[in-house]
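**Student:** Those letters in the sequence shown? Residues 663 to 955, per my numbering, in order.
Ideal Cβ placement from N, Cα and C applies to all residues, glycine included.
It should be emphasised that the depicted structure is a prediction, and the values quoted were computed from it without experimental measurement.
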Amino acid sequence: MLSEPQIIPFQFETVNLKPNDYKSEVKPIWCPGCGDFGVLSSFYKAVSELGIPPEQLVIASGIGCSGRFPAFCNSYGFHGVHGRVLPLATGIKMARPELVVCAVGGDGDAFSIGMGHFPHAARRNVNITYIVMDNEIYGLTKGQASPTSPLGLEKKSTPYGNVDRPLNPLLLALVSGATWLGRAFSSKPKEMTDLIKQAIAHKGFSFLQVYSPCVTFYDTYNHFKEVTKPLPAEHNPADKAAAMMYAMNEETLYLGKYYQEERPTYDDAYSGVRQKATKGAYSFDKLMDRYRR
Ligand SMILES: Cc1ncc(C[n+]2csc(CCOP(=O)(O)OP(=O)(O)O)c2C)c(N)n1
Ligand code: SF4
Ligand SMILES: [Mg+2]
Numbered sequence: 663m664l665s666e667p668q669i670i671p672f673q674f675e676t677v678n679l680k681p682n683d684y685k686s687e688v689k690p691i692w693c694p695g696c697g698d699f700g701v702l703s704s705f706y707k708a709v710s711e712l713g714i715p716p717e718q719l720v721i722a723s724g725i726g727c728s729g730r731f732p733a734f735c736n737s738y739g740f741h742g743v744h745g746r747v748l749p750l751a752t753g754i755k756m757a758r759p760e761l762v763v764c765a766v767g768g769d770g771d772a773f774s775i776g777m778g779h780f781p782h783a784a785r786r787n788v789n790i791t792y793i794v795m796d797n798e799i800y801g802l803t804k805g806q807a808s809p810t811s812p813l814g815l816e817k818k819s820t821p822y823g824n825v826d827r828p829l830n831p832l833l834l835a836l837v838s839g840a841t842w843l844g845r846a847f848s849s850k851p852k853e854m855t856d857l858i859k860q861a862i863a864h865k866g867f868s869f870l871q872v873y874s875p876c877v878t879f880y881d882t883y884n885h886f887k888e889v890t891k892p893l894p895a896e897h898n899p900a901d902k903a904a905a906m907m908y909a910m911n912e913e914t915l916y917l918g919k920y921y922q923e924e925r926p927t928y929d930d931a932y933s934g935v936r937q938k939a940t941k942g943a944y945s946f947d948k949l950m951d952r953y954r955r
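#1: For V763, would you say it is in contact with chain B, using Cβ-to-Cβ distances shorter than 8 Å as the test?
#2: Express the C-alpha separation of F886 and L829 in angstroms, rounding to a whole number.
#3: Buried or exposed: where does I691 fall if 16 or more other Cβ atoms within 10 Å of its Cβ makes it buried?
#4: Give the DSSP-derived three-state secondary structure of D951 in the structure shown.
#5: Which full runs of the alpha helix (DSSP H) of 4+ residues lie inside the region 726 to 797, going along the chain?
#6: Terminal residues of the continuous beta strand (DSSP E) containing V720?
#7: Measuring CA to CA, which of S723, Y706 and K850 is closest to P715?
#8: Just confirm the distance between the C-beta atoms of K919 and G844, as a whole number of angstroms; I'd bet it's less than 8 Å.
#9: Have a look at the DSSP bridge pairing and note the partners of R845.
#10: Kindly indicate the opening and closing residues of the beta strand (DSSP E) around T810.
#11: Give me the Cβ distance between V701 and I793, rounded to the nearest whole Å; I'm assuming they're in contact under 8 Å.
#12: T841 and F867: beta carbons closer than 8 Å?
#13: Could you tell me if Q937 is buried or exposed, where buried requires 16 or more neighbouring beta carbons within 10 angstroms of its beta carbon?
#14: What number of angstroms, rounded off, separates the C-alpha of A807 from the C-alpha of G823?
#15: Just to check my reading of the structure: L802 and C727 have Cβ atoms closer than 8 Å, yes? What is that Cβ distance to the nearest angstrom?
#16: I want to check one thing, is the minimum distance from the CB of I793 to the heavy atoms of ligand 1 below 7 Å?
#17: Given 8 Å as the limit, is there contact between the region 736 to 748 and the region 765 to 779, that is, 3 or more CB pairs closer than that?
#18: Considering only their Cβ atoms, is the gap separating D796 from V872 smaller than 8 Å?
#19: Hey, could you find the ends of the beta strand (DSSP E) T890 is sitting in?
#20: Closer than 5 Å from C-beta to any heavy atom of ligand 2: which residues, in chain order?
#21: From this set, G776, A939, E816 and S848, which residue's C-alpha is nearest I725's C-alpha?
#22: By the three-class DSSP mapping on this structure, what secondary structure does K859 have?
#23: One question on the structure: do L917 and K850 come within less than 8 Å of each other, judged by their Cβ atoms?
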């Protein structure tokens, strides 16, 4: 069952635009059938239904096929360097807290080179939305194993089978302190749109893992159709232990909203520090006083 997102009071007037109004003039160059097309369509729909003015929306990305995402959106965008999307998005949010900031990227970008940033963004509860298009492979560099590739996967970088156990992004986010967690599948657009809306509407660090198959280097459409299932209707997203239990299930991969909690955000906490810093012992005026005497 789809749930209504709780809309945060945005600091701007919402607008009435169609999903197509969020499309840029740049046409996606993904391979036909790539799951990322579905994620992009759901994203257009989600921001249109939330009424976010394009000039109040920033999309930051890392490097990978998925990292091309901001170019296809009529909004502000920043295609950063590999693995650094979270510091980038954090900086944007700290400098312009009134903007809606979304970070997007792939599983390699997020959990290989960018891994050091993930638990920290989660524990700080930066008020941004992070959408990881997880195809369990490095797509852009033509099919090497990633940290979410299954054991035994035979690909160019693992011709005798992958011996690295995959990590579990949802569990990692949960234990690190993310305050909103969900999982979607690019072939389930309605549910995915609803989850993107909820993730953006949540005040705090929202993490959405989207299974988004790479048809060219690792076609997992049939696999995910078989093993995914909606979270049971009775699951209470305030129950962290239950969220953990569902996230640990490796046979059935549950889709939906796993967890949500309200906790002060990093940007709010930092605005308190800023206020103190302008008046306290280390304020610019107080420091300058030393030289005025
Ligand atoms: C510093 C650095 N190291 C390595 C690369 C090469 N590189 C580009 S994208 C990528 C991985 C892409 O995989 P993923 O993040 O899963 O994105 P996908 O293409 O699957 O969407 C790598 C290793 C790079 N661009 N920069
Ligand atoms: S290589 Fe894979 S991830 Fe990249 S655009 Fe093609 S299908 Fe999508
Ligand atoms: Mg990938």
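**Tutor:** According to the data block:
#1: Looking at the structure shown, chain B is missing, and only one protein chain is on hand.
#2: In a straight line, the C-alpha of L829 is about 17 Å away from that of F886.
#3: I691 is exposed by the Cβ-count criterion.
#4: Looking at D951 - three-state DSSP - the assignment turns out to be helix.
#5: With a minimum length of 4 residues, the continuous alpha helix (DSSP H) runs that stay inside the region 726 to 797 are 747 to 757 and 780 to 786.
#6: Residues L719 to S723.
#7: Nearest option by C-alpha distance: Y706.
#8: Confirmed, Cβ separation roughly 5 Å.
#9: Bridge pairing for R845: Q871 and G918 [DSSP].
#10: Element bounds for T810: n/a, residue is neither H nor E.
#11: Yes, V701 and I793 are in contact; Cβ-Cβ is about 7 Å, under 8 Å.
#12: Result yes, Cβ atoms of T841 and F867 sit closer than 8 Å.
#13: Label assigned to Q937: exposed.
#14: The straight-line gap from Cα to Cα measures roughly 10 Å.
#15: Under the criterion of beta carbons closer than 8 Å, L802 and C727 qualify as touching, at roughly 5 Å.
#16: Answer for I793: no, Cβ out of range of ligand 1.
#17: Contact between the region 736 to 748 and the region 765 to 779 is present, with at least three C-beta pairs closer than 8 Å.
#18: If you check the CB distance, V872 and D796 come in under 8 Å.
#19: It spans T890 to P892 - the beta strand (DSSP E) in which T890 sits, taken as one unbroken run.
#20: In chain order, the qualifying residues are W692, C693, C696, C727, G801, C876, V877 and T878.
#21: Residue G776 is the option with its Cα nearest to I725.
#22: In the structure shown, K859 sits in a helix (DSSP, three-state: H, G or I).
#23: At the C-beta level, L917 and K850 come within 8 Å of one another.
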